[in-house]
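A short write-up of the structure that comes next.
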C-alpha cells in the first residue's frame, strides 16, 4: 500500500541545510495500521507529507498504491491522493463555506465515490446526525475533528493518513474519537498511518515505529530504540 | 502610549503591502478628487473673471445695418440722455501666437453694476486715462507676452504689428479673464488704429426700454452666460470626482479592515496589558490621521499634476462649446488645498469609522466572534437591501418631483436622481449576488467543485462586496457617460450634417451683399443660394384655439431659405400636417417654425399661433413645425428669409452656397476675391466647420474617457486590494482542498472562474444600469441643464467593452494572488497551516 | 477698485467734503487734495483781469473749475422748492502734458450733480464724462459764445440768439436736466434772466482762501430771475424764484490744513445779496478763515474781511448718520445784520460719490425773528 525506500529529505534553512529524513524504509500493507511516534520536530510531519504526495523526496522512493510519487506530475499526484487517500489533520481543515454534510461528502464527491448510505452511516456513527446543516464554526472541537475523520473516510480510502488526530482534544474526548476512528477504519477496510506523540494513542494500533535522527526504528520495551538520545536536534524553524 | 502606538504601527513593518495599499487608496482617491476640483476651481475662476468683464452682464447696442458705430453715435445718444457706454474690442497677436483680446473702456460711463469696477487694481485714474496709459492684464496672460510676474508691472511689451509698437505699461489685475488686455478706450483706439469707430455700445441691463432708431438692442439676459451653461459640465466633473473618491475609499476601507483584523490579537494583548479601550481608539484614530495626511498630500500634489495634464483639453472644450474663456494654466485658490485635505480626511474618517467602532467594542477575551459573522453578514445583507430600497424610493420621489419642474430647472435634483440610482444598485448588488450564489449552489449540488466554488465565493462575499460595488459603479458610470457623450456627438454631428447643406457659407459685408448675391446667382458653379437673416424679437402672444396668452419673451428670429438642397435634410420634430405641408406654408410666408427649446419652455405645439414683434414690424403666424436646435439655449423662431426681410426689415446675414455638381470651390473663392476683395474670413468651408465641431467632441471625449478610465482603474485597484488582503486566508482555505486531491492548477482556475464569473455578473448588471444612467443623463440632466433632450443612443460595442472590461479588470486583479498561489511551494501551503 | 480710483481723482476736483481718512496722507494736502501745489498749472493770483464772455468758458490751464447754480423757488401754490445744478471740471494733466487731440484722448474730467428738493423729499443725481481741451464737441464742456455748459443731456445754455449780433449771451440762460429714477424721475426746464450785473469777489475777482494767500478766481451772478418747470417724482409743476450762479477756478485753492467749509449765499428781502464762507482750519493761528461779499441791490460788491464776519453754529441735526449744523448765527456788523439762518428741512444730504450737505436756508432777524431772506448753504467735511 505504502512503501518508503531509503528516503532522504533535506530542507534549506537560514542556518544551512537540515537533514530531516536520512534513509527511511517503511512498508505498510493494506488494512494494516501503523503508529508513527517521535519528538516534536523529528520529521514525522515530513514523512506524512511525503506519504501523501504533498512533497517529494530528495532521494529514495515513496510508493503509494504501487506507484512512485516522484514519477508523477502534480496533477497526477493530486488525483492519486484524491482516489486513494484520506487525510486527517491536527487542525481539522474543514471547508468553512460548506455545511457539515457537504464537508463530509466533499472528497468522496471529488473522487466520484460518493455513497449516500455510507455518508449517512458515518454521520450517525460520528454523532453528527442532526447537525447536517450546521457550518464548521458552529460545531464544537470534538465534532469538528469527528467531521474531519468522516470526510477522510467517506470515499473509503485505501489509506488513511492521520496527523495527531486527537491532538487538539481533551483526554476523554480523544479516547472516544480514537476508538471511533479505529472502528471506522476497520469498517472501511482502509490502512492507517497515524502520527502521534502519545504511546497511549499508539497502543491499539497494529505496529508502532519511532522516528529518531531521521531514521525509523521499532519501539522497544523501554520506549526507545536507541538509548542515548540526548544529542539535541537542530531546530527546524 | 508611545510604546503602544509604536507597537500598533509595527504591524505595517511586517506587512508593508497593507501600508502601501492603504496609502495607494488614499492617494488615488484624493488625486482624482483634487485633480478634478483643481480643474473646476480654475475654470470657475476664469468664468468669474470673464463675467466680471461685462461680457454677459450688460445689454448691448449695435447698428441694424451691421455698420460699425462711431464716437458721434455715442455722443448723439448721450446727448439724448441715453445711458450708453462705448466699448472698443479688437485683437492683437502676442509674440507666441496667442490672440489677445484688447478691450477699450470708458470708465465714466461704463455701468456701475458691471463688475468691471472691481476688475482693476487701485491705481491713479489719471494714469489710466492719459498717455502712456495703462494695460490691465491678468497674471496668467503674462507668459503670452513673454513676461515674468516680477518684471511685468510697468513694463511696456513690444508687439509686432502695433502702430505704436508697444503696449501701454502693464498693471496686474488678477480678476481679469486670461488673454484679455483692458485699457482706456483712447489707448485701445490708438493701439487698434480704429479712429472714431467703436465695437458696440453697452448699457446697464434693462436700462433702455427699446432700441434707439437704427440700432439693435441685445439684452444681457439673452446672451449666453457661460456660468450657467458650464455649471452642468462642472457638476458632471464633480460627480465623476466624487465617484472616484468613493471608489478610492473602498480600497481604504478594505485595507483598514484587514489591518485591524490581523491586529485583533495585538489589540487584545494591549488591552490586557492595561491600555484603555478609549486610548486604543485614540491611537488608531491617530494612525488614521497620519496616514490620511500623507495620502492626501501626495494625492493633492498628483491631482494638480493630473489637472495640468487635462487642463488644456478642458480649456479648449469649454472655450469651443460654451465660448467661455478658461485659463490654460492652473490658478488655484488657497481653499482648494484645504478643501482637498478636508475631503480626503473626512472620507478616511468615514471609511475608518467602522474599524474604530469595532476596536472600541473589542472584547478582551475575544469570545463569540467566530460564530457571529455568518448571521452578521446575513443581517448586513438585509440592511443593504433595505437601504437600497430606501435610496431607490428617494430617487423615485426626486424623479416625480422633477417631472413637475419646468425644463431648465432641477439640475441638482437630476444629479441626485442619478446618484440615487447608482447607490441603490450598488447596495442591492451584494444581496443579489448572495441570492444568485445560493440558487446556483443548489442547482450544482452534483458538481462538488463547482458547489464548493460557489459556496466559497459566498464566503468571500463580505470581503469582496465593497470592491464589487465599486466596480459596478465605475462600470455603469463609464458606460453611461460614454453613451451620453457618444450619443451627443452622434446627434450633434448628424444635426450639423443636416443643417450645413451648403458647401460654403459667405458672410459678405453689408454694402456688398446685394452685388455679391447677384454675382453668385449668375455663376455657373453655383447650384443654389441659401441666404439667411437674423433679428431679435419678442414673443408677445400665444393663441391656441380661442385662448390667447400674452407674454414678453425675447426670442431670436432667424430666416432661412427653404431651397431644394436644404428642404429634404432639415429635421423637423413635429408638424401640423406633415413635412410637405409645413414647408409649403413656411416658404409661402404663411407659417413659422419654432425650435424645440421654445416649444418645451412655452408649451407650444404645431397649430398654435404666435404673436411676434421685432424691430420694424409685428406678425401673427401659425406654427407649422417644431425643429431640433441642439446646442442653442435660446428660444428661436424660424421664418423664410424673404419674409424676415419683408416683415421685420432684418439685415442680410450669411449666404449658403450650394455648388453645382462638379462645381469648383477654389474657382469660386478666387472669383470672389477678385471681384469683391473677399478673403478667407468671410468665406467658410462647410467641411472646416465640421472639422472644428468634431474636434470639440474629440476633446470632450478625451477628458471623459480619461476620467472614467481612471475611475475604472481605481475600482480595479479596490478589487486587487481586497483580493490581496484576503490572499493569505484564501491559501489557508485552499490548502486542504489541495491536500484532498484537487490539483493546484484547477484551484487556480477555479479561483479565476469565481472572480471572473462574479465580475461578469457585475458587468452584466452594469449594462442596464449604465443604460439607465445614460437615459438619466440625456433625458433628465440634459433637460434640466439645457432645456432639450437628446435621443438615447445604445452602443453595443460599448456594452461588450464594458463586459470585457469587467471580466478583464477582475482577472487582472485576481492574477496576482493566483500567481502567488501558483508559485507557492506545496509545502508552504501546509507550513502555513502549522503556524 | 476702479470706482475708488475715479473717486480719488475726482476728489481733487471738488469744492466738497470728502473722506480724507481714506486717502494716503501724501495726497491730502488740504481738503481733498485741493491744497496740492499748482505745479505746471496756471495760478490764480491778484491782478488777473477777468474778461467776459471769455471767462464763462472753461479754463483748462487751471486744475479745477465749476459752474455752480442754486435756486430758491415756489410753485403756483406758494410751496417752496429748491434745486442745484453743478458742473465740475478737473484737468488731468498740466497744459504741457496734454495728449494730442484724438478721438477718445482726454485731458479734462467732468462731473455734474443735480438735486431737486421739496419738503422732506430730496432727489440727487450724478454724471461723469471726459473731454479734450482741444475739442469742444465732447460729452461735456463749457464754451463762452454762445454760452453753453453741458454734460450729456444736462445743460445750461444761452437763450440769446447771437448768430446775427455777437454779444453777451450770458444774460438769458436755459437750464435743462432730467434723470430717471425709481420714483418716477425728476428734473427741471428753467429760463434764467439776469436782473443784475456779474459780481466779482475778493480783489477784482481774486478770492483769497487762506491766510497764507492761496485762492481762486471767483465771480457770481446772484441776480437770476427763474421761471419754468420742475419735475419731482414724476409730477411736473410751474415754478418761479431766484437763482445764484457761482463761477470759480483755481489750481491751488486751499491751504494745506483746511479740512472743510460752510458757505452761505443769501438773497435778502432788501434786495441785497450776501456771500460768506468759512474754511475750517488754515486761518491765522490755525483758526477758521472767513471771507465774504456784501452786494447791494445794484450789484456793487463790498469785500468782507475775515474779522467782519461772525459765523456760529447753534444747533446740529443728525443727517445721514452725521451731526450737521443746520442752525447758524450769522453776524455782519458792517451791514447791521445779526441773523439766525436755519434749514427748514435737514434732509439735504448729497449722497453722491463725494458726499456733502447742500440745502435751502431761511434767514431771520436774531432779535425780532422777522424774515430777512432766503438762500443756500453748502457744508462739507462733516
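Residue numbers (our numbering), protein chains in the order written: chain A, 1 to 237; chain B, 1 to 835; chain C, 1 to 382. All C-beta atoms in this analysis are idealised placements derived from N, C-alpha and C, irrespective of residue type, glycine included.
Rounded to the nearest angstrom, how far is the Cβ of residue 174 of chain C from that of residue 187 of chain C, given a contact under 8 Å?
One-based indexing of the third chain puts residue 174 of chain C at position 174. One-based indexing of the third chain puts residue 187 of chain C at position 187. About 13 Å separates the two Cβ atoms, so there is no contact after all.
CB-CB under 7 Å to residue 42 of chain C, same chain, minus the five flanking residues each way: which ones, in chain order?
By one-based count along the third chain, residue 42 of chain C stands at place 42. Excluding residues within five positions, the ones whose Cβ falls inside 7 Å are 61, 62, 251.
Pull up the distance between the alpha-carbon of residue 534 of chain B and that of residue 185 of chain B, whole angstroms please.
Residue mapping note: residue 534 of chain B aligns to position 534 of the second chain, counting from 1. Residue mapping note: residue 185 of chain B aligns to position 185 of the second chain, counting from 1. So the two alpha carbons sit approximately 29 Å from each other.
Between the segment 144-159 of chain A and the segment 74-94 of chain A, do three or more beta carbon pairs fall short of 8 Å?
These segments touch.
Let me check understanding here. Comparing Cα to Cα, which of C:55, C:209, C:122 lies closest to residue 351 of chain C?
To locate residue 351 of chain C, count along the third chain from 1; it is residue 351. Among C:55, C:209, C:122, the Cα nearest to that of residue 351 of chain C is on C:122.
May I ask which residues mark the beginning and end of the beta strand (DSSP E) holding residue 74 of chain B?
The sequence position of residue 74 of chain B within the second chain is 74, counting from 1. Per DSSP, residue 74 of chain B belongs to no beta strand (DSSP E); it is in the alpha helix (DSSP H), 71-79.
Three-state secondary structure (DSSP) at residue 174 of chain C?
Here the question's residue 174 of chain C lines up with position 174 in the third chain. Of the three classes helix, strand and coil, the one that applies to residue 174 of chain C here is strand, per DSSP.
Is there contact between the segment 554-567 of chain B and the segment 704-713 of chain B, where contact requires at least three CB pairs shorter than 8 Å?
Touching, no, given that fewer than three Cβ pairs across the two stretches are closer than 8 Å.
Between residue 802 of chain B and chain C, is any beta-carbon pair separated by less than 8 Å?
Indexing the second chain from 1 puts residue 802 of chain B at position 802. No, its Cβ sits nowhere closer than 8 Å to a Cβ of chain C.
Return the chain-ordered list of same chain residues with a C-beta closer than 8 Å to the C-beta of residue 9 of chain B, the five sequence neighbours on each side being excluded.
Indexing the second chain from 1 puts residue 9 of chain B at position 9. Within the same chain, residue 9 of chain B has close Cβ partners 287.
Since residue 472 of chain B and residue 425 of chain B are thought to touch, with beta carbons under 8 Å apart, how far apart are those beta carbons, to the nearest angstrom?
Along the second chain, read from residue 1 onward, the residue named residue 472 of chain B stands at position 472. Along the second chain, read from residue 1 onward, the residue named residue 425 of chain B stands at position 425. Confirmed, about 6 Å.
Roughly how many angstroms lie between the CA atoms of residue 201 of chain C and residue 76 of chain B, to the nearest whole one?
The residue given as residue 201 of chain C occupies position 201 in the third chain. The residue given as residue 76 of chain B occupies position 76 in the second chain. One C-alpha to the other measures close to 38 Å.
Hey, would you say residue 176 of chain C sits closer than 8 Å to residue 161 of chain C, going by beta carbons?
Reading the third chain from its first residue, position 176 is the one you call residue 176 of chain C. Reading the third chain from its first residue, position 161 is the one you call residue 161 of chain C. No; because the gap between Cβ atoms is not below 8 Å, this pair is not in contact.
Going by beta-carbon coordinates alone, are residue 245 of chain C and residue 373 of chain C separated by less than 8 Å?
Residue mapping note: residue 245 of chain C aligns to position 245 of the third chain, counting from 1. Residue mapping note: residue 373 of chain C aligns to position 373 of the third chain, counting from 1. The answer is no: Cβ separation not under 8 Å.
Okay, do the segment 31-38 of chain B and the segment 277-294 of chain B touch, 3+ Cβ pairs below 8 Å being the bar?
Touching, no, given that fewer than three Cβ pairs across the two stretches are closer than 8 Å.
Which same chain residues, not among the five before or five after residue 816 of chain B, have their C-beta less than 6 Å away from its C-beta?
On the second chain, position 816 is the one that residue 816 of chain B refers to. Around residue 816 of chain B: no qualifying Cβ.
Are the C-beta of residue 104 of chain C and some C-beta of chain B separated by less than 8 Å?
To locate residue 104 of chain C, count along the third chain from 1; it is residue 104. Yes - at least one Cβ of chain B is within 8 Å of the one on residue 104 of chain C.
Kindly indicate the opening and closing residues of the alpha helix (DSSP H) around residue 109 of chain A.
Looking up residue 109 of chain A in the first chain gives position 109. 100-110 is the extent of the alpha helix (DSSP H) around residue 109 of chain A.
Between the Cα of residue 249 of chain B and the Cα atoms of B:219, B:212, B:349, which residue gives the shortest distance?
Against the second chain, residue 249 of chain B aligns to sequence position 249. The shortest C-alpha separation from residue 249 of chain B is found at B:349.
Have a look at residue 118 of chain C and residue 308 of chain C and give me their C-alpha separation to the nearest angstrom.
For the purposes of this step, residue 118 of chain C is taken as the residue at position 118 of the third chain. For the purposes of this step, residue 308 of chain C is taken as the residue at position 308 of the third chain. Answer to the nearest angstrom: the Cα atoms are 34 Å apart.
For residue 96 of chain A, go through chain B and note every residue whose CB falls closer than 8 Å to its CB, in chain order.
Indexing the first chain from 1 puts residue 96 of chain A at position 96. By Cβ distance, chain B contributes 459, 733.
With a CB to CB cut of under 6 Å and the five nearest residues on each side skipped, what residues in its chain are close to residue 528 of chain B?
Numbered from its first residue, the second chain carries residue 528 of chain B at position 528. Excluding sequence neighbours, residue 528 of chain B sits near 563, 565, 658.
Taking C-beta to C-beta, are residue 9 of chain A and residue 50 of chain A nearer than 8 Å?
The sequence position of residue 9 of chain A within the first chain is 9, counting from 1. The sequence position of residue 50 of chain A within the first chain is 50, counting from 1. It is a contact, given that the beta carbons lie within the stated cut-off.
Rounding to the nearest angstrom, what Cα-Cα distance links residue 83 of chain A and residue 14 of chain A in this structure?
Your numbering for residue 83 of chain A matches position 83 in the first chain. Your numbering for residue 14 of chain A matches position 14 in the first chain. About 37 Å.
Checking contacts by CB at 8 Å: is residue 75 of chain A closer than that to chain B?
By 1-based counting over the first chain, the position of residue 75 of chain A is 75. So yes, residue 75 of chain A belongs to the interface.
By Cβ distance, which residues of its chain are closer than 7 Å to residue 814 of chain B, with the 5 residues on each side in sequence left out?
The count along the second chain starts at 1 and reaches residue 814 of chain B at position 814. The residues are 723, 751, 752, 755.
Helix, strand or coil for residue 12 of chain B per DSSP?
Here residue 12 of chain B corresponds to residue number 12 of the second chain, with the count starting at 1. Here residue 12 of chain B sits in helix by DSSP.
Please list, in chain order, the chain C residues whose beta carbon lies closer than 7 Å to that of residue 185 of chain B.
Stepping through the second chain from its first residue, residue 185 of chain B is reached at position 185. Within 7 Å Cβ-Cβ: 104.
Short of 8 Å in beta carbon distance, which residues of its chain neighbour residue 436 of chain B, apart from the five on each side in sequence? Order them along the chain.
Along the second chain, one-based indexing puts residue 436 of chain B at 436. For residue 436 of chain B, where only same-chain residues beyond five positions count, the Cβ hits under 8 Å are 761.
Touching or not, the segment 352-360 of chain B and the segment 296-310 of chain B, by the rule of three or more beta carbon pairs under 8 Å?
No contact exists between the segment 352-360 of chain B and the segment 296-310 of chain B.
Consult DSSP for residue 111 of chain C and reduce its assignment to one of helix, strand or coil.
To locate residue 111 of chain C, count along the third chain from 1; it is residue 111. Residue 111 of chain C falls in the strand class under three-state DSSP.
What is the DSSP secondary structure of residue 211 of chain B, counted as helix, strand or coil?
On the second chain, position 211 is the one that residue 211 of chain B refers to. The answer is coil: DSSP assigns residue 211 of chain B none of H, G, I, E or B.
Give me the Cα-Cα distance between residue 85 of chain C and residue 125 of chain C, rounded to the nearest whole angstrom.
Position 85 of the third chain, counted from the start, is the residue given in the question as residue 85 of chain C. Position 125 of the third chain, counted from the start, is the residue given in the question as residue 125 of chain C. If I take the Cα positions, the gap works out to 10 Å.
How far does the beta strand (DSSP E) with residue 51 of chain A in it reach, from first residue to last?
Looking up residue 51 of chain A in the first chain gives position 51. Here residue 51 of chain A belongs to no beta strand (DSSP E); instead the alpha helix (DSSP H) covers 44-51.
At a Cβ threshold of 8 Å, is residue 107 of chain A touching chain B?
Along the first chain, one-based indexing puts residue 107 of chain A at 107. Yes, residue 107 of chain A counts as interfacial toward chain B.
Closer than 7 Å by C-beta to residue 368 of chain B: which residues in its own chain qualify, once you throw out the five before and the five after it? Chain order, please.
Numbered from its first residue, the second chain carries residue 368 of chain B at position 368. Reliability fails at residue 368 of chain B, whose pLDDT of 43 lies under 50, so the model's placement of it is uncertain and no value is given.
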